[in-house]
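In UniProt numbering, the protein residues as written are 1 to 186.
We put the CB at the ideal spot given by N, CA and C, even for glycine.
Everything numeric in this text was worked out from a predicted model, so none of it was measured.
Below is the structure:
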């Protein structure tokens, strides 16, 4: 295969990925207003339950360790999210729903991406986005990175009977990462 054929193929695939992304977003919702924080990565805006896209925070009942002591890291993650949104108007935009019918959305407060802020503070793991913020939080030992913890998804599998993701989920995450990278969001 010649180089020009390869480049044209990559360009075509990239164009298709961008088109698919844009078509998916046709049905996007934008919500704004005061929020009710449910846990470290779930909130309610204008009566709509929203799961912050691209992050996974410790569960409310989850414990972690720091300085050899257990602490309620799930509650700390909830408090961190409450501090971020306290008294401010939040704007969320999303177009997909999770299996619990929550809108998967990226939310901002005063122009600041809430998911990225939680990851940067060490109170959530990056899940398909915000890898740079997670690396910095890990390096600086912020939040849960200051000690030991079980990944929130693994904790849910062990304590709440959540199923492990199917291989299709991995492919979807890889596709989503490709689309984010190609569209300049990743």
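Where does residue i land, buried or exposed, given buried means 16+ other C-beta within 10 angstroms?
i	result
residue 130	buried
residue 12	exposed
residue 103	buried
residue 127	buried
residue 191	Residue numbering for the chain in the displayed model covers 1 to 186; residue 191 lies beyond these limits and cannot be assessed.
residue 99	exposed
residue 62	buried
Kindly indicate which three-state DSSP category residue i falls into: helix, strand or coil?
i	result
residue 53	coil
residue 121	coil
residue 148	strand
residue 5	helix
residue 126	strand
residue 142	coil
residue 70	strand
residue 62	coil
Here's a check: name, in chain order, each residue in its chain whose Cβ is nearer than 8 Å to the Cβ of residue i, leaving out the five neighbours to either side.
i	result
residue 158	150
residue 33	45, 46, 89 and 90
residue 55	41, 115, 118, 119, 124, 125, 126, 127, 129 and 130
Per the DSSP calculation, residue i is bridged to which residue(s)?
i	result
residue 104	51 and 96
residue 32	91
residue 190	Past the boundaries of the shown model lies residue 190; the chain is included only from 1 to 186, so the question cannot be answered.
Could you pull out every residue in the same chain whose Cβ sits closer than 7 Å to the Cβ of residue i, ignoring the five residues on either side in sequence?
i	result
residue 8	none
residue 134	119, 125 and 126
residue 75	60
**Report entry** contact_flag[the region 121–141, the region 85–98] where n(CB pairs < 8 Å) is 3 or more
**Finding:** Too few Cβ pairs lie closer than 8 Å, so no.
Query raised in the report: Do the region 107–120 and the region 63–76 touch if we need at least three Cβ pairs shorter than 8 Å?
Result: Taking 8 Å as the limit for Cβ pairs, the verdict is that the region 63–76 does not touch the region 107–120.
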